[in-house]
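*Asks:*
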Amino acid sequence: MRVVRRPAELKPALEGARAEAASAFGDGEVFVEPYLENGRHVEVQILADTHGTVWALGTRDCSLQRRHQKVVEEAPAPGLSDELADELRTLAVRAARAVDYTGAGTVEFLVADGRAHFLEMNTRLQVEHPVTEAVFGIDLVAEQIRVAEGHALAAEPPRARGHAVEARLYAEDPAADWTPQTGTLHRLAVPEGVRLDTGFGDGDTIGVHYDPMIAKVVAHAPTRAEAVRSLAGALEKATIHGPVTNRDLLVASLRHEEFTSARMDTGFYDRHLTTLTAPAPDPYAPLAAALAEAHGRSRFGGWRNLPSQPQTRRYLLAGEEHEVRYHHTRSGLTADGVHVVHADAALVVLEADGVRRRFQVARHGDRVHVNATTLTALPRFPEPENQRAPGSLLAPMPGTVVKIADGLVTGSSVRAGEPIVWLEAMKMQHVISAPAAGTLTALPVTTGQQVEVNALLAVVRTP
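Residue numbering for the sequence shown follows this note's numbering, beginning at 1041 and increasing consecutively.
#1: Please look up how many angstroms separate the CB atoms of Val1441 and Gln1489, rounded, as I've assumed it's under 8 Å.
#2: Alpha carbon to alpha carbon, what distance is there between Leu1434 and Leu1159?
#3: Taking only the alpha-carbon atoms, compute the straight-line gap between Ala1328 and Glu1363 and give it to the nearest angstrom.
#4: Residues bridged to Asp1179 by DSSP?
#5: Mind checking which residues open and close the alpha helix (DSSP H) that includes Phe1299?
#6: Which of the three DSSP states, helix, strand or coil, is assigned to Phe1308?
#7: I'd like the list of long-range same chain contacts for Ala1135, defined as Cβ closer than 7 Å, with 5 residues on each side in sequence excluded.
#8: Since Ser1293 is in the alpha helix (DSSP H), which residue starts that stretch and which ends it?
#9: Straight-line CA distance for Ser1453 to Pro1438?
#10: Give a yes or no on whether 8 Å exceeds the smallest Cβ distance from Gly1359 to chain C.
#11: When the Cα atoms are used, what is the spatial distance from Glu1060 to Ile1472?
#12: Going by C-alpha distance, which of Arg1164, Asp1179 and Thr1163 is nearest Pro1170?
#13: Alpha carbon to alpha carbon, how far is Arg1287 from Val1230? Give it in angstroms, no decimals.
#14: For Arg1403, name the three-state secondary structure that DSSP assigns.
#15: Is Phe1149 helix, strand or coil by DSSP?
#16: With DSSP collapsed to three states, give me the class of Lys1443.
#17: Quick check on DSSP: helix, strand or coil for Phe1065?
#18: Using only the alpha-carbon positions, how far apart do Thr1142 and Asp1089 sit?
#19: I need the DSSP call for Asn1426, collapsed to helix, strand or coil.
#20: On the three-state DSSP scale, how would you describe Val1499?
#21: Please name the residue, chosen from Gly1247, Val1111, Thr1172 and Gln1184, that lies closest to Trp1218 on a Cα-to-Cα basis.
#22: For the candidate residues Ala1211, Leu1271, Ser1270 and Val1268, whose alpha-carbon lies nearest to that of Asp1244?
#23: What does the alpha-carbon distance come out to for the pair Glu1425 and Asp1242?
#24: May I have the straight-line CA-CA distance separating Asp1305 from Arg1107, to the nearest angstrom?
#25: So, helix, strand or coil for Ser1453, using DSSP?
#26: For a quick check, are the C-beta atoms of Ile1254 and Leu1228 less than 8 Å apart?
#27: Grouping DSSP H, G and I as helix and E and B as strand, with all else coil, what is Tyr1133?
#28: Does the region 1201-1210 come into contact with the region 1182-1190, if we say contact requires no fewer than three beta-carbon pairs (one atom in each stretch) closer than 8 Å?
#29: Can you round the beta-carbon distance between Leu1097 and Phe1176 to whole angstroms, since I take them to be within the 8 Å contact cut?
#30: Pick helix, strand or coil for Asp1376, following the three-state DSSP scheme.
#31: Leu1410 to Glu1113, Cα distance in whole Å?
#32: When DSSP labels each residue in this structure, what does Arg1199 get in the three-state scheme?
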């Protein structure tokens, strides 16, 4: 999708949309529609059999989106008038009957200024179908199979009960333009009381070939407030060790006043992403990480030539370097300003200002997970940084090189801002352009090549 606000933007938008559609779906056809800014994305789940019965299984709100892809969904859609909800269900059934539809499907609308605008119909089950299953107490996959076998649906669908909310847990960094992340998922554990749909287990690798969604987490409760609170709490307490995820963003979104009061729309992240992704690191996380590591080395006694001097460790947290200090004493590990109640390689308990806190610690390589906070352990003695050639253009995310600018070869002159490489990730193309005018001195990639994040794509040497 592309939003075109000025005529000059139309041609490149058409070319980009065609290229992405052809690559993802084998069809480069493009539709032009009016753009409804800051509307709500509301949809109706339908199920139709071969005997003329069409169920409209309530509404869903899917307004929290990034890059037109849904992040949080819920059923029923909150804040709709009874008249509008009835109209949406009626329109969905009419659409299904108009094409003699059979099976499960979703009719999607944008709702703006109290009016429903048809968006599209998805002729399949969608990622968010579990919230409808939870509210109506049915298995849509099983029902779809029964319909395919020729069985008839009941005259009326089951009665809706309660409210359900689903969050999509992605391996991505929202603060870095939603960049997909790859690597080993060392640990994924979500507290009981919510539904977890996932194809990943501990030790699995999140690669570049598929959408980076790790799991869907769904909470169902008698009221919307209870369901939202349950989902936010489960995500907050989840253990997720591995690549960066959008977990913190999901928790913050679910607790945002605009969402809890059901005033959200599709522009939610355009307005609030910077605030929602502002670092709020746990100030005790680096100390907990250091004490856990110190316990692992305690078999050497922590002996030092100068016992008055503290041990030090350095960590990178939320883009900032933190140095922590602690002491090995006859009575165990100590640190200034806090009381170390307990410390081993997996659990650290600290008491500060009369408050006792527990920190679960796990380390995988140089990544240290302290509760929900992730740190990078820095070497004790800084090493010279790997030097790349000036003007190196690196892949901002894992993806596929789908295009190289026509005629560009090593030695070509390029202008500032001139596109060099097109990288595709998550069904979207990202243009890598020359940062300044200069000479292309390296172009080590080819069309169709898979690259990891920070892979060298090109080098532009400036005069």
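No residue lacks a Cβ here, since even glycine has one placed at the ideal position from N, Cα and C. These numbers were taken from a predicted model, which means no experiment stands behind them.
*Replies:* Result, derived from the coordinates:
#1: That belief holds up - the Cβ atoms of Val1441 and Gln1489 are roughly 5 Å apart, short of 8 Å.
#2: Cα-Cα distance, rounded: 37 Å.
#3: When rounded, the distance between both Cα atoms is 12 Å.
#4: In DSSP, Asp1179 forms no bridge with anything.
#5: Glu1297 to Thr1300 is the extent of the alpha helix (DSSP H) around Phe1299.
#6: Phe1308 falls in the helix class under three-state DSSP.
#7: Excluding positions up to five away in sequence, the list reads Val1147 and Met1161.
#8: First-last of the alpha helix (DSSP H) with Ser1293: Arg1287 to Leu1294.
#9: Near 27 Å, if we compare the C-alpha coordinates of Pro1438 and Ser1453.
#10: Protein chain content of the structure displayed is limited to a single chain, and chain C is not contained in it.
#11: Spanning the two alpha carbons is a distance of roughly 16 Å.
#12: Checked all of Arg1164, Asp1179 and Thr1163; the closest Cα to Pro1170 is Asp1179.
#13: Rounded to the nearest whole angstrom, the C-alpha separation of Val1230 and Arg1287 is 12 Å.
#14: Annotated three-state conformation of Arg1403 is strand, per DSSP.
#15: Here DSSP, grouped into helix, strand and coil, assigns Phe1149 to strand.
#16: Lys1443 sits in a strand when the DSSP states are folded into three classes.
#17: Reduced to three states, the DSSP call for Phe1065 is helix.
#18: For Thr1142 and Asp1089, the distance between alpha carbons rounds to 5 Å.
#19: Residue placement at Asn1426 is flagged as unreliable, the pLDDT there being 47, under the threshold of 50; the coordinate-derived value follows with that caveat. Coil.
#20: In the structure shown, Val1499 falls within a strand segment according to DSSP collapsed to helix, strand and coil.
#21: For the residues Gly1247, Val1111, Thr1172 and Gln1184, the minimum Cα distance to Trp1218 belongs to Val1111.
#22: Comparing Cα positions, the closest option is Ala1211.
#23: Residue placement at Glu1425 cannot be trusted, given a pLDDT of 46 that sits under 50; what the coordinates show is reported in the next sentence. When rounded, the distance between both Cα atoms is 32 Å.
#24: Asp1305 and Arg1107 have their alpha carbons spaced roughly 14 Å apart.
#25: Secondary structure of Ser1453 (DSSP, three-state): strand.
#26: In this structure, Ile1254 lies near Leu1228, with their beta-carbon atoms less than 8 Å apart.
#27: With the sequence shown as reference, residue 1133 is identified as Val, and Tyr is not the correct amino acid for it. For Val1133, the secondary structure class from DSSP, reduced to helix, strand or coil, is helix.
#28: No, the region 1201-1210 is not in contact with the region 1182-1190.
#29: Correct: roughly 6 Å between the Cβ atoms.
#30: Of the three classes helix, strand and coil, the one that applies to Asp1376 here is coil, per DSSP.
#31: The sequence as given places Val at residue 1410; Leu does not occur at that position. In this structure, the alpha-carbon of Val1410 lies about 29 Å from that of Glu1113.
#32: Here Arg1199 carries a coil assignment [DSSP, helix/strand/coil].
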